[in-house]
Amino acid sequence: MKILLTGANGYIGTRLLPLLLEQEHEIICMVRDRRRFAAQSNLSKQVTIIEGDLLNLESLTAIPSDIDATYYLVHSMSSSGSEFGEMERKSSSNFSSAIKKTNCKQIIYLTGIANDEHLSEHLGSRLAVEEELKSSGIACTILRAAIIIGSGSASFEIIRDLTEKIPFMITPKWVKTKCQPIGIRDVLAYLIGVLHNKKSFNQTFDIGGPDILTYREMMMGYAKERGLKRWIVTVPVLTPRLSSLWLNMITPVPYSLARSLVESMKNEVICQDNRIHDVVPRKCLTYAASLHLAFEKIDQNSIVSSWKDALNRGYLQSNFMDQIKVPQNGTLEYKVKMPFERKAEEVFENIWSIGGNRGWYYMDWLWHFRGFLDKM
34 MKILLTGANG YIGTRLLPLL LEQEHEIICM VRDRRRFAAQ SNLSKQVTII
84 EGDLLNLESL TAIPSDIDAT YYLVHSMSSS GSEFGEMERK SSSNFSSAIK
134 KTNCKQIIYL TGIANDEHLS EHLGSRLAVE EELKSSGIAC TILRAAIIIG
184 SGSASFEIIR DLTEKIPFMI TPKWVKTKCQ PIGIRDVLAY LIGVLHNKKS
234 FNQTFDIGGP DILTYREMMM GYAKERGLKR WIVTVPVLTP RLSSLWLNMI
284 TPVPYSLARS LVESMKNEVI CQDNRIHDVV PRKCLTYAAS LHLAFEKIDQ
334 NSIVSSWKDA LNRGYLQSNF MDQIKVPQNG TLEYKVKMPF ERKAEEVFEN
384 IWSIGGNRGW YYMDWLWHFR GFLDKM
């Protein structure tokens, strides 16, 4: 089959691509700028890269007319304020207009569970995207997931940062909200399983793992797996803005994304049914098992993709592109090389002596405080 993969350089797209290639599909990867497509150096002849900006309808003329199916893996959560809602609508509207001019027979869209009556702006915008895609007249398969657990996912990295860094947490009341986390391996299996599966045409499925947990239970579960002692106290006074600033300070998540996540955390994200099992039979991993797999990838330094890997701001000025480094293995690296005239043993002795009895070169008291926290 000939498949169009949008969001090919995002967290999900980067992991889905090799699985599609294993099944010998011909893949058209659509990205906004091929220079920021990290996977292009080792792609096979089965892959073609095209450039297209979903906010610019004219740029979508590059989409081939003979595609059989498409994955819509695009979102605008890192946009500021209420901007992302309009960007989501416009992107999906443009895509719908472009795709119905092709021979595409199936659109597969991965989104969030949206079963509550009073949805956040973020989750509400995802429902609007579903309607835009359905308006194309092409059979849509919509997979709604809660929190995705995997090395590099935004949700996992937030849980990881909070639990690893803070022994004693004063948290907002949304940590008591229930959700149904699902491992990244299971998400990918469902994305592959519904492809060209006529039982999934014009259907919407909730997908989740076997565990229903609160966010507090997820953080405490993480701490248990890592052998960490953690204390969490919940207070009702932290507003969404303060909660977002708190996440922004403790984790690498930008404020705009943190605000979208916090506002969505007031909604329970639990599967209404398990109809997906009739279409793609699968026993999903538990939350603990998904954590173990994520830890293995981190320990092996083999994180395939990260939520940071894709830009969400359209094109950058070309004179800046050469100065921007694409994240590899989920991290950005800063390397400096300089020659030393001393022997290697003397240089390494100085490096390994930093901290300890010698202390640190800057704010030594803060490093001692950090050590105290780590011992808690």
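If you want the working numbering, it's the 1-based position in the sequence shown plus 33.
Virtual Cβ for every residue (Gly too), placed ideally from N, Cα, C.
Secondary-structure assignment with DSSP links C137 through no beta bridge to anything.
The Cβ atoms of K35 and E55 lie no closer than 7 Å to each other. The continuous stretches of alpha helix (DSSP H) do not include W264, which lies in the beta strand (DSSP E) extending over residues 264–267. Rounded to the nearest angstrom, the gap between the Cα atoms of H401 and P200 is 15 Å.
Around the beta carbon of E190, 16 or more other beta carbons sit within 10 angstroms, so the residue counts as buried. Rounded to whole angstroms, the Cβ separation of Y255 and T196 is 5 Å, and the two are in contact under 8 Å. Judged by their CB atoms, A178 and I240 are nearer to each other than the 7 Å cut-off. Cβ atoms of E163 and S126 stay farther apart than 8 Å, at about 12 Å. Taking C-alpha positions only, K133 is separated from I83 by approximately 18 Å. Secondary structure note for Y255: its alpha helix (DSSP H) is the uninterrupted segment 248–259. The straight-line gap separating the alpha-carbon atoms of W207 and M253 is approximately 15 Å. For I245, the secondary structure class from DSSP, reduced to helix, strand or coil, is coil. One alpha carbon belongs to K211, the other to R68, and they sit about 40 Å apart. Secondary-structure assignment with DSSP links R177 through a beta bridge to T144, D239. In this structure, DSSP gives K209 a helical state, which the three-state scheme calls helix.
Around the beta carbon of M396, fewer than 16 other beta carbons sit within 10 angstroms, so the residue counts as exposed.
Here the alpha carbons of L37 and V64 stand approximately 11 Å from one another. The three-state secondary structure of E374, taken from DSSP, is coil. Annotation for I45: no beta strand (DSSP E) segment contains it, though the alpha helix (DSSP H) segment containing it runs 44–55. Nearest to F238 by alpha-carbon distance, out of V227, T247, Y367, is V227. In the three-state reduction of the DSSP assignment, L221 falls in the helix class, which pools H, G and I. At a Cβ-Cβ threshold of 7 Å, L93 and A41 do not count as neighbours.
The continuous beta strand (DSSP E) containing I60 extends over residues 59–64. Beta-bridge analysis with DSSP links A172 to Q139.
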